[in-house]
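Reviewing the structure listed below.
Protein chains in written order, with my numbering: chain A, 1 to 984; chain B, 985 to 1471.
Below is the structure:
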């Protein structure tokens, strides 16, 4: 919405600017047009040139006036002086010729004319006035008597005080009270070539034109100096003649500096760029020889150093141009000579000169001014146009910027623009913002109240910051200083995501579990991202608790608590997984290892289970050293460990590892309470992958077999699996497996066979008989055999007692007060813990229990005695089983003094026929009766046998004839009861 | 509506700006394409003027052309004319004044112009380093403006030297036994002059036609330096450049006795513009004049309408009063820059820098026997080398004059005229008071003799009196006292 407003306003300001600029341009063009229609600058240039010309012209005429009317009009003085000379000559009877070499005469004359000469100087206002006569004869051409007075400031008439004598008699000077100048000489002594020429030219011209008047023969000189260090002058001289003979020269001279004051170049140009050049030329009027110049042109034209060639100029028709310097000149000719003058071809001109750019600087300046004014006015117009549009546009822009710079959570406060419409707009925005904020804050308050372990991130690729709820910072362990008012710097945020490889979340909708890497706490979070067009929403949930529980569960599921090795199930799963992927994993040279701790049973028996556990733990620790990289180690059962190792270069290496384990085990000692150190010993087996097998089951079985083999042949060592041996010993091995299974799974049931009283034919007791439930191991005899072979008899013993007692409990009602006979395995004693447990659980049943003991070996009498006492202490009775066969003999009867004696079925068999058997039983009964030892006959299969036994006064009867072992508690057939009662 | 106003306004502003830009640009910086013309007014004449004009031309063609400065030099012909011109300008209304950009002046002139605010402060155009190249005392002399602002730059310096017409001196010396050593004190000069008068008087049968031996220029220098040497300056100047007259009668009497008395006796004279003019016409054989007058020192003497004869001259140090330590007057007009616009002032400063720099300055001073103003240039070796390098003829008179000047400047106390309100007028008053009085009374003495036919001594005695001195003294004192307090 805001963006739209800005765009729209911008276009307004642009339009405004364009319009205003156009107006400015239009005005400029109008201005130029009017200006050029009015005549532009050509008119101005023409005016300037004319004015320049006019100034020069008027200056020239004033100069001409001074020179002609004032300076050179010497006629009066010529006459006067000539008259004086004539008088003097007449007075002294001299002729004009005498003047040539009579110095005294000359000085006399000079003395007389000095006043006239001073008057001349005064009147003409020139720098000098002079009179040259003779006096030194013809031969000394350069030396003449004469007078020359100088007035350095001719415009001021100061009497004689400011006059100086330059040449002439000292006495004349004194007489006239005139000081001598520094270059004073008493006579003209011209060493100056130019002056010599100049004077002789005047003489010559005069003598060649005797009819001309003096004024017609007057001539202007060029610049010269009287003496080398004296000032520069020009002079005008006329010859003094008498009868065609020139005897003297009268002249005036004007110093250059005086002339210069007459040529005020400043009048040409107020900035002083004009110059005046006084130059002589000939009739061609092409080449001018400058005499003197004032102003800047002095650089070029002083001293007549350079000729001036003037051509018509293109710049202004009335002006001419110096081809060399490029200066423009207004040439004003000075008519110095009369048309009749012999010097009439000598032309002088006053040339006013100025450089083109200076002369026309005003018009040029105006040109530039107008152009600049045009440009600047347009620029100013544009400037104001931009300012104007900025003025209108900027409050809106400012408003937009303010809004843009604000975070959503900020309260919008817009400055007043002082434009009503805009202020209304901003008020509306502020109100809207307040409402939105209120709503938003409700939601966040609710979330806050809930204290959900939930954070939300809103990421916009266009924004420099990322919105996060506060929870996100704690959940992700972000730096709090990077978080401000709900926003996180985008770069920091992206950096964090990149570091943790979470950037995918921003790109596509996804879910990731992530563990924060924090030194102190480990936290699991769950990211769920939702990518929209311009932003990504991410929900962050704390799943640490769930994760821990899951991990704990997994651990408990997969690991053995005692050893912290894998348990059987996990091991199996993992190994299976590996083997399934063996192809892709390029699995090679693996092995399934299996160990069985050799002495556990002994330790348990001798030192108790705590030490057994320690023993296991120490062993596990050694096995655990196989590591986890390329090995999986598990505790399979109580004393069995398994490991699967893989990816070894060669079998030898694996064997080496195996040996290391063996050595490790050997070096690991368990210190038992009696102070002995017991080495841990285990037998191991190896099955090779893939040589021996590819599946877990195969490898397991073969390793197991190899271990079994080792255990049977060389305890404490390990063996590799060997197929031949396996084939040979498989069955035995198999039975072992079954037995283990049986024990482990308690895969036995008990059948109860009634023991019937021979007196009243009622069931006196039941014997619990083991019935393995395994398909592969059905015969209790096999069980016992295997158990014996594998030293598992005690397990069977425990199994028997626990199971029978459990069954008893189950059938308690049916059994009633009747006794239960249990077959205890000879030379096996229930572990005390089992006993304790049993006693705790079944103590009330012991009194109804009769433990059948058989004597196995001669030396076991003590053990039997112990058992007998043990059970008797429990309140149970004992019976000697299989009396009359094997090792159960009279001695046991004597030693143990049991409560019952069970006659072995081999003696009972066909008793009704065999007298020996009858007498044997008779004797036994005779012996037992007085001693209150009840006699039970087993294996009664026929009525005759029963009848005979009853006759023999056997106390109780047992056998198929009376009742088969049965899972239920059954009474005997009433027919049998009748027969028994009848049999008496 | 408002838009239109803005545009109109901007148009006007633009035109104003544009005009200003094009119009002003000429006046800001020196521009070779638009050279600025500056006028220089000097009092130079003769060789000095020619040398100056040459240098100006050279400047215009070289540095001036390069930087855009055109110098137009003019001269008033002599110092008096210059003073008149300047005084005339000063007397005009401010608006009417046409001051040259640069003009020659003395401290006194500079001071009175500065009071009117007409001079540029040269410190703005010359750096400390640049000023340090000049002889310190010369720069000090130029610091006469407010807060010791430097108002004028020394361009050429001179002192006074004494020149003896050796040719005409020798017969006299031989016959009377007087030696040049007798000319080292004013008392000695006065005594020798009397002897010379008597000796020349004796040459002809006519009585009282003895000749003056001595003449000098700038009587004011004699009085100012003389009283200073005698320990009594004429004025005491306070920090506001206000002076009080501190004339000492005894000191002035000594001046009187060594100028007025010999003058009315005919032993001293002053008839030409300069003492050199008197020497040129054989009126005197010993003169004191500016060391810069060497070019005017005559090489020949023309007596009346006689044929000139060559003479040999000797340059000597100016005498002192007996028993006083040696001093030398230090003079030489400097040049000031009038206040105008920065462009003209800058251009003027550029010219002055060039003109006072060792090379140009030495060339200028050599031909006019001035002393250059920079330290490095102030030695005979440097001057001779400059002459040689520039193929300038350094004639004997000039060389002697420079040598003696340099010697005086280095070994004597240098005295300059005091600068205070109306010091220029005071100087003229002092000068004229003694000279006019002497000239006037000399005529009276001559008339007295010719009328009464008495002896010179008798005639002189009538004027060489305490009363006459006192009158003169009091008159002068009163005049000066009136002058120093003039606005």
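Just so it is clear, CB atoms sit at the ideal spot from N, CA and C, and this is done for glycine as well. None of the values given here were measured: they were computed from a predicted structure.
CB-CB under 7 Å to residue 3 of chain A, same chain, minus the five flanking residues each way: which ones, in chain order? Sequence index remark: in the first chain, residue 3 of chain A carries index 3 (1-based). Low local confidence applies: a pLDDT of 43 at residue 3 of chain A is under 50, so the model's placement there is unreliable, and no value is given.
Short CB-CB distance (under 8 Å) between residue 25 of chain A and chain B: On the first chain, residue 25 of chain A is found 25 positions in, with the first residue counted as 1. Chain B, which has no Cβ nearer than 8 Å to the Cβ of residue 25 of chain A, makes this no.
- For the alpha helix (DSSP H) that contains residue 1366 of chain B, what are its first and last residues? The residue given as residue 1366 of chain B occupies position 382 in the second chain. Its alpha helix (DSSP H) spans residues 1364 to 1373.
Applying the 10 Å Cβ sphere with the 16-neighbour rule, what's the burial state of residue 88 of chain A?
For the purposes of this step, residue 88 of chain A is taken as the residue at position 88 of the first chain. Answer is buried; the Cβ neighbour count reaches 16.
Under a three-way DSSP split, which group does residue 970 of chain A fall into?
-> Residue numbering aside, residue 970 of chain A sits at position 970 when the first chain is read from its first letter. Coil, per DSSP.
Bridge partners of residue 1435 of chain B, per DSSP?
-> As a position in the second chain, residue 1435 of chain B is number 451, starting the count at 1. Bridge partners of residue 1435 of chain B: none, in fact.
#### Entry: CB contact check: residue 15 of chain A to chain B, cutoff 8 Å
Translated into the one-based positions of the first chain, residue 15 of chain A becomes position 15. Chain B, which has no Cβ nearer than 8 Å to the Cβ of residue 15 of chain A, makes this no.
- prompt: For residue 1428 of chain B, which of B:1443, B:1293, B:1415 and B:1197 has the nearest alpha-carbon?
  reply: One-based indexing of the second chain puts residue 1428 of chain B at position 444. Residue 1428 of chain B has its Cα closest to that of B:1443, out of B:1443, B:1293, B:1415 and B:1197.
- request: Using beta-carbon positions only, say whether residue 163 of chain A and residue 153 of chain A come within less than 8 Å of one another.
  value: Position 163 of the first chain, counting from 1, holds the residue named residue 163 of chain A. Position 153 of the first chain, counting from 1, holds the residue named residue 153 of chain A. Cβ distance not < 8 Å, so residue 163 of chain A and residue 153 of chain A don't count as in contact.
Using a Cβ-Cβ cut-off of 7 Å (strictly less than) and excluding sequence neighbours within five positions of residue 55 of chain A, which residues of its own chain qualify? Taking the first residue of the first chain as 1, we reach residue 55 of chain A at position 55. Excluding positions up to five away in sequence, the list reads 267, 268 and 352.
* By DSSP, does residue 761 of chain A sit in helix, in strand, or in coil? -> Residue mapping note: residue 761 of chain A aligns to position 761 of the first chain, counting from 1. Three-state result, residue 761 of chain A: coil.
Taking the alpha-carbon positions, what's the residue 942 of chain A to residue 917 of chain A distance?
-> Along the first chain, read from residue 1 onward, the residue named residue 942 of chain A stands at position 942. Along the first chain, read from residue 1 onward, the residue named residue 917 of chain A stands at position 917. Approximately 16 Å, taken between the alpha carbons.
* Asked: To the nearest angstrom, how far is it from the Cα of residue 471 of chain A to the Cα of residue 531 of chain A?
  -> Residue mapping note: residue 471 of chain A aligns to position 471 of the first chain, counting from 1. Residue mapping note: residue 531 of chain A aligns to position 531 of the first chain, counting from 1. The straight-line gap from Cα to Cα measures roughly 21 Å.
According to a CB-to-CB cut-off of less than 8 Å, which residues of the stretch 240 to 262 of chain A neighbour chain B?
257, 260 and 261
| query | Buried or exposed: where does residue 966 of chain A fall if 16 or more other Cβ atoms within 10 Å of its Cβ makes it buried? | reply | In the first chain, counting from the first residue as 1, residue 966 of chain A sits at position 966. That one is exposed.
If you measure from the beta carbon of residue 312 of chain A to each beta carbon in chain B, is any gap under 8 Å? What you label residue 312 of chain A is simply residue 312 of the first chain in a count that begins at 1. By this cut-off, residue 312 of chain A is not an interface position.
Quiz prompt | Nearest to residue 1440 of chain B (by Cα), restricted to the options B:1260, B:1369, B:1311 and B:1247 | solution = Here residue 1440 of chain B is taken as the residue at index 456 of the second chain, counted from 1. The option with the nearest alpha carbon to residue 1440 of chain B is B:1247.
Margin query: Does the stretch 1155 to 1167 of chain B come into contact with the stretch 1335 to 1344 of chain B, if we say contact requires no fewer than three beta-carbon pairs (one atom in each stretch) closer than 8 Å?
Written below: no
Problem - Span of the beta strand (DSSP E), counted from its first residue to its last, around residue 340 of chain A - result: Taking the first residue of the first chain as 1, we reach residue 340 of chain A at position 340. That residue, residue 340 of chain A, is in no beta strand (DSSP E); it is neither H nor E in DSSP.
Assigned secondary structure, residue 226 of chain A (DSSP; H/G/I helix, E/B strand, else coil):
Position 226 of the first chain, counted from the first residue, corresponds to residue 226 of chain A. In the structure shown, residue 226 of chain A sits in coil (DSSP, three-state: anything other than H, G, I, E or B).
Handout entry: For residue 769 of chain A, the residue or residues it bridges with in DSSP
Key = Residue 769 of chain A sits at position 769 when you count from the first residue of the first chain. Bridge partners of residue 769 of chain A: A:751.
Three-way DSSP call (helix, strand, coil) for residue 404 of chain A in this model: In the first chain, counting from the first residue as 1, residue 404 of chain A sits at position 404. In the structure shown, residue 404 of chain A sits in a helix (DSSP, three-state: H, G or I).
message = Can you tell me whether residue 1138 of chain B is buried or exposed? The criterion is at least 16 other CB atoms within 10 Å of its CB, across all chains shown.
response = Your numbering for residue 1138 of chain B matches position 154 in the second chain. So residue 1138 of chain B ends up on the buried side.
Local Cβ density within 10 Å of residue 754 of chain A, reported as buried at 16 or more and exposed below that
Position 754 of the first chain holds residue 754 of chain A. Buried: at least 16 other Cβ atoms inside 10 Å.
Distance between residue 1266 of chain B and residue 1295 of chain B (C-alpha atoms, nearest Å):
One-based indexing of the second chain puts residue 1295 of chain B at position 311. One-based indexing of the second chain puts residue 1266 of chain B at position 282. Rounded to whole angstroms, residue 1295 of chain B to residue 1266 of chain B spans 10 Å at the Cα level.
| message | Residues in the same chain with beta-carbon distance under 8 Å from residue 711 of chain A, minus the five sequence neighbours each way, listed in chain order, please. | response | As a first step, residue 711 of chain A is located in the first chain; it is residue number 711 there, counting from the start. Correct list, in chain order: 596, 598 and 683.
**Prompt:** Hey, is the stretch 899 to 910 of chain A in contact with the stretch 710 to 730 of chain A, meaning 3+ C-beta pairs nearer than 8 Å?
**Reply:** no
>> Only counting the same chain, and skipping five residues up and downstream in sequence, which positions put a Cβ closer than 8 Å to that of residue 1216 of chain B?
In response: Indexing the second chain from 1 puts residue 1216 of chain B at position 232. So the qualifying residues of the chain are 1230, 1231, 1232, 1234 and 1235.
Cross-chain neighbours of residue 164 of chain A in chain B, by beta carbon under 9 Å: Indexing the first chain from 1 puts residue 164 of chain A at position 164. Chain B residues near residue 164 of chain A: 1257.
Can you say whether residue 868 of chain A is buried or exposed, counting buried as having 16 or more other CB atoms within 10 angstroms of its CB?
Locating residue 868 of chain A in the first chain gives position 868, where the first residue counts as 1. Buried, because 16 or more other Cβ atoms sit within 10 Å of the Cβ of residue 868 of chain A.
**Asked** Considering only C-alpha positions, which residue in the set A:673, A:310 and A:681 is nearest to residue 639 of chain A?
**Response** The sequence position of residue 639 of chain A within the first chain is 639, counting from 1. Residue 639 of chain A has its Cα closest to that of A:681, out of A:673, A:310 and A:681.
- prompt: Which residues in the same chain as residue 413 of chain A place their Cβ atom closer than 6 Å to its Cβ, once the five residues preceding and following it in sequence are excluded?
  reply: Position 413 of the first chain, counting from 1, holds the residue named residue 413 of chain A. Within the same chain, residue 413 of chain A has no close Cβ partners at all.
With DSSP run on the structure shown, which of helix, strand or coil describes residue 644 of chain A?
Mapped onto the first chain, residue 644 of chain A falls at position 644. Strand, per DSSP.
To the nearest whole angstrom, what separates the beta carbons of residue 566 of chain A and residue 646 of chain A, a pair I think is in contact under 8 Å?
-> Here the question's residue 566 of chain A lines up with position 566 in the first chain. Here the question's residue 646 of chain A lines up with position 646 in the first chain. About 15 Å separates the two Cβ atoms, so there is no contact after all.
- Item | Exposed unless 16 or more other CB atoms sit within 10 angstroms - verdict on residue 812 of chain A | As a working mapping, residue 812 of chain A is identified with position 812 in the first chain. It is exposed - the Cβ of residue 812 of chain A has fewer than 16 other Cβ atoms within 10 Å.
Q) Buried or exposed: which applies to residue 1228 of chain B, given that a residue is buried once 16 or more other Cβ atoms fall within 10 Å of its Cβ? A) As a position in the second chain, residue 1228 of chain B is number 244, starting the count at 1. Answer is exposed; the Cβ neighbour count stays below 16.
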